[in-house]
Amino acid sequence: MMTEKVLQKLQVKSLSILNEHGEVDSSSTIQLSEEILKKMYAKMLLTREFDQRCINLQRQGRMGTYAAAYGQEAIHVGSTTAMQTQDWLVPSFREQGALLSRGVNPELLFLFFMGCEKGNEIPKELHTLPYCVPCATQITHGVGIAMAAQYKKENLAVVTFFGDGASSEGDFHEGLNFASVYQAPCVFICQNNQWAISTPLKQQMHSPTIAQKALAYGIEGERIDGNDVLAVFIATKRALKKAYEGGGPTLLEMLSYRLGPHTTSDDPSRYREEKELHLWKQKDPILRFEKYLLNKGVLSEEEKKVFQEKISEDLKKHALEAEKICQALKNQDICEFTFKK
Ligand SMILES: Cc1ncc(C[n+]2csc(CCOP(=O)(O)OP(=O)(O)O)c2C)c(N)n1
Ligand SMILES: [Mg+2]
701 MMTEKVLQKL
711 QVKSLSILNE
721 HGEVDSSSTI
731 QLSEEILKKM
741 YAKMLLTREF
751 DQRCINLQRQ
761 GRMGTYAAAY
771 GQEAIHVGST
781 TAMQTQDWLV
791 PSFREQGALL
801 SRGVNPELLF
811 LFFMGCEKGN
821 EIPKELHTLP
831 YCVPCATQIT
841 HGVGIAMAAQ
851 YKKENLAVVT
861 FFGDGASSEG
871 DFHEGLNFAS
881 VYQAPCVFIC
891 QNNQWAISTP
901 LKQQMHSPTI
911 AQKALAYGIE
921 GERIDGNDVL
931 AVFIATKRAL
941 KKAYEGGGPT
951 LLEMLSYRLG
961 PHTTSDDPSR
971 YREEKELHLW
981 KQKDPILRFE
991 KYLLNKGVLS
1001 EEEKKVFQEK
1011 ISEDLKKHAL
1021 EAEKICQALK
1031 NQDICEFTFK
1041 K
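Put into structure tokens, the structure is as follows:
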């Protein structure tokens, strides 16, 4: 019997720049202006504050089920900061940080989670698709957009988000295969938060990484520290550049952890260890970035407070406005959400 050597060596590249203490790897050459660094930080804060406000609204019966991005803010902000206006963002259902970072008005997101269809009306020029709740189906949509752009000779790439659980769906494999065959300008971002509702990663798959699955499709795969906003930025920028230059798709596995429940309808204390949560809280992406910015002198405690207050104030206004719109639509029988008495 003859055997053919297909792979010389199986290797998964991994990237991490900013450690838990907010120290940057000395070999890193990342250069971002203070203005961009501050914007990234503010967007991460905005994402966390948006989550908190939605959870509060849901608990008061003023919003439907909500899936927080708590712990995954670096993935959303790092990747979208690397994108250009003409690129397309194709989200799943937990990417509020990415949508807000692309410039989607928080009011629209509030409306969406209040059950108003109007929340899906994202302005076309933002090149951002609305949320997609059926797991992994958006991967093939993203590949379709990339193939259309390629056909029309448009110089853009498509960034598609999905979870570790979604990587077990057929759409993931079909999407990667098609993107690879056509060398479509796609960047696949798998948010490996290590849980798919109550299913841990080790019950989801037997392979040690998600990144290595790229190999089967003849594309590049890389594992990134998803709690490190700088590493996420660099990896996405690199993958986008390759896509613009006709180098085809890339799979980026962003390793992180879902610090909160799956949604407001879930109680993770029934299926996961407090120890594990505690460990990952030490790796909080916002605290890490904050330490870095404070040490570097880019951010002061005073500015931090100003950012927080401004974000909180703005979101409060947007949420109230969304509620008014929602109520008006409900009065016309256009919105189906029923507020608790
Ligand atoms: C096709 C499909 N099957 C099942 C579900 C129910 N469901 C919602 S979220 C989820 C788990 C998703 O896990 P993962 O892809 O890791 O994303 P995460 O929730 O961790 O962000 C499942 C099974 C769904 N939304 N769509
Ligand atoms: Mg998951």
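So for the sequence shown, our numbering puts the first residue at 701; every next one is plus one.
Backbone N, C-alpha and C define an ideal beta-carbon position, used for all residues, glycine too.
ask   = Taking 8 Å as the cut-off, is the CB of Pro830 close to at least one heavy atom of ligand 1?
value = Here residue 830 corresponds to residue number 130 of the sequence shown, with the count starting at 1. For ligand 1, not one heavy atom lies less than 8 Å from the Cβ of Pro830.
request  = Kindly identify the DSSP beta-bridge partner or partners of Trp895.
outcome  = Indexing the sequence shown from 1 puts residue 895 at position 195. Answer is Pro900.
inquiry  = Measuring alpha carbon to alpha carbon, tell me which residue in Ile934, Phe872, Gly926, Tyr882 is nearest Ala658.
reply    = Examination of residue 658 is not possible in this model, given that the chain is present from 701 through 1041 alone.
task = State yes or no: is the C-beta of Tyr831 within less than 9 Å of the C-beta of Phe793?
result = Within the sequence shown, numbered from 1, the residue matching residue 831 stands at position 131. Within the sequence shown, numbered from 1, the residue matching residue 793 stands at position 93. Taking 9 Å as the Cβ cut-off, Tyr831 and Phe793 qualify as a contacting pair.
message = What would DSSP say about Met783, mapped onto helix, strand or coil?
response = Here residue 783 refers to the residue found at position 83 of the sequence shown. Coil.
request  = Determine the extent of the beta strand (DSSP E) in which Ser714 is found, giving its start and end residues.
outcome  = Translated into positions along the sequence shown, residue 714 becomes position 14. Looking at the DSSP string, the run of the beta strand (DSSP E) that includes Ser714 is 713–715.
message = So, with DSSP's three-state summary, where would you put Asp1014?
response = Within the sequence shown, the letter at position 314 stands for residue 1014. Helix.
task = Just list the alpha helix (DSSP H) runs in the region 945–1024, keeping only unbroken ones of 4 residues or longer that don't cross its boundaries, in chain order.
result = 974–981, 985–996
For Asn877 and Ala916, the rounded distance between their alpha carbons = For this step, residue 916 is matched to residue 216 along the sequence shown. For this step, residue 877 is matched to residue 177 along the sequence shown. C-alpha separation (whole angstroms): 9 Å.
ask   = With respect to the alpha helix (DSSP H) encompassing Arg802, which residues constitute its N-terminal and C-terminal limits?
value = Mapped onto the sequence shown, residue 802 falls at position 102. Unbroken alpha helix (DSSP H) run through Arg802: 796–802.
request  = Could you work out which residue in Pro885, Gly870, Glu953 is closest to Gly842 when comparing CA atoms only?
outcome  = Within the sequence shown, numbered from 1, the residue matching residue 842 stands at position 142. Out of Pro885, Gly870, Glu953, Pro885 has the C-alpha closest to the C-alpha of Gly842.
query = From what residue to what residue does the alpha helix (DSSP H) around Gly844 run?
reply = Taking the sequence shown and counting its residues from 1, one reaches residue 844 at position 144. First-last of the alpha helix (DSSP H) with Gly844: 837–851.
Option nearest Gln752 by Cα separation, candidates Ala769, Gln731, Ile736 = Walking along the sequence shown from the start, residue 752 turns up at place 52. For Gln752, the nearest C-alpha among the options comes from Ala769.
query = Is Gly803 near ligand 2, in the sense that its beta carbon is under 8 Å from a heavy atom of that ligand?
reply = Numbered from 1 along the sequence shown, position 103 holds the residue referred to as residue 803. No, the Cβ of Gly803 stays beyond 8 Å of every heavy atom of ligand 2.
request  = Could you say which of Lys981, Lys1016, Ile934 lies nearest to Ile1077 if we only look at CA atoms?
outcome  = Shown here, the chain extends from 701 to 1041; a query on residue 1077 therefore has no answer.
query = Under 9 Å, do Lys937 and Ala782 count as touching if we go by C-beta distance?
reply = Counting from one through the sequence shown, the residue named residue 937 turns up at place 237. Counting from one through the sequence shown, the residue named residue 782 turns up at place 82. A contact, by the Cβ cut-off of 9 Å.
query = Tell me which same chain residues have a C-beta within less than 7 Å of the C-beta of Ile910, skipping the five on either side of it?
reply = What you label residue 910 is simply residue 210 of the sequence shown in a count that begins at 1. Contacts found: Asp864, Ser867, Cys890, Asn892, Glu953.
query = Taking just the CA atoms, how far does Glu1023 sit from Lys975?
reply = On the sequence shown, position 275 is the one that residue 975 refers to. On the sequence shown, position 323 is the one that residue 1023 refers to. If I take the Cα positions, the gap works out to 39 Å.
key: Three CB pairs or more closer than 8 Å across the region 917–926 and the region 731–744   = no
task = Could you spell out the range, first to last residue, of the alpha helix (DSSP H) harbouring Arg923?
result = Sequence index remark: in the sequence shown, residue 923 carries index 223 (1-based). Element bounds for Arg923: not the alpha helix (DSSP H) but the beta strand (DSSP E), 920–925.
ask   = Can you tell me whether DSSP reads Phe793 as helix, strand or coil?
value = Here residue 793 refers to the residue found at position 93 when the sequence shown is read from its first residue. The answer is coil: DSSP assigns Phe793 none of H, G, I, E or B.
query = Who pairs with Leu718 in a beta bridge, going by DSSP?
reply = Translated into positions along the sequence shown, residue 718 becomes position 18. In the DSSP output, where bridge partners are listed per residue, Leu718 has Val724.
Segments assigned beta strand (DSSP E), at least 3 residues, entirely inside the region 731–774 = none
request  = Within its chain, find whatever has a CB closer than 7 Å to the CB of Leu826; leave out the 5 residues flanking it on each side and keep chain order.
outcome  = In the sequence shown, residue 826 corresponds to position 126, counting from 1. The answer, listed in chain order, is Arg802, Gly803, Val804.
ask   = Would Leu745 count as contacting chain B if we go by Cβ distances under 9 Å?
value = Looking for chain B here will not work: only one protein chain is present.
task = Specify which residues have a beta carbon nearer than 7 Å to any heavy atom of ligand 2, listing them in chain order.
result = Those satisfying the condition are, in chain order, Gly863, Asp864, Gly865, Gln891, Asn892, Asn893, Gln894, Trp895, Ala896, Arg958.
task = May I have the straight-line CA-CA distance separating Leu940 from Gln1032, to the nearest angstrom?
result = In the sequence shown, residue 940 corresponds to position 240, counting from 1. In the sequence shown, residue 1032 corresponds to position 332, counting from 1. Looking at the two C-alpha atoms, the distance is approximately 44 Å.
ask   = Does the beta-carbon distance from Leu715 to Gln784 come in below 9 Å?
value = Counting from 1 along the sequence shown, the entry for residue 715 is found at position 15. Counting from 1 along the sequence shown, the entry for residue 784 is found at position 84. No, they are not a contact pair.
request  = Say yes only if the C-beta of Phe813 is nearer than 8 Å to one or more non-hydrogen atoms of ligand 1, and no if none qualify.
outcome  = Taking the sequence shown and counting its residues from 1, the one referred to as residue 813 is at position 113. No, the beta carbon of Phe813 sits no closer than 8 Å to any heavy atom of ligand 1.
request  = Can you have a look at Gly960 and say buried or exposed, based on whether 16 or more other CB atoms are within 10 angstroms of its CB?
outcome  = Translated into positions along the sequence shown, residue 960 becomes position 260. It counts as buried.
ask   = Under a Cβ-count criterion, where at least 16 other Cβ atoms within 10 Å of its own Cβ denotes burial, should Leu1020 be classed as buried or exposed?
value = If you number the sequence shown from 1, residue 1020 lands on position 320. Its Cβ having fewer than 16 others within 10 Å, Leu1020 is exposed.
Delimiting residues of the alpha helix (DSSP H) encompassing Val859 = Your numbering for residue 859 matches position 159 in the sequence shown. Here Val859 belongs to no alpha helix (DSSP H); instead the beta strand (DSSP E) covers 858–863.
task = Taking Tyr641 as the reference, give the member of Ala896, Thr950, Gly946 with the closest Cα.
result = There is no way to answer for residue 641, as the model of the chain reaches only from 701 to 1041.
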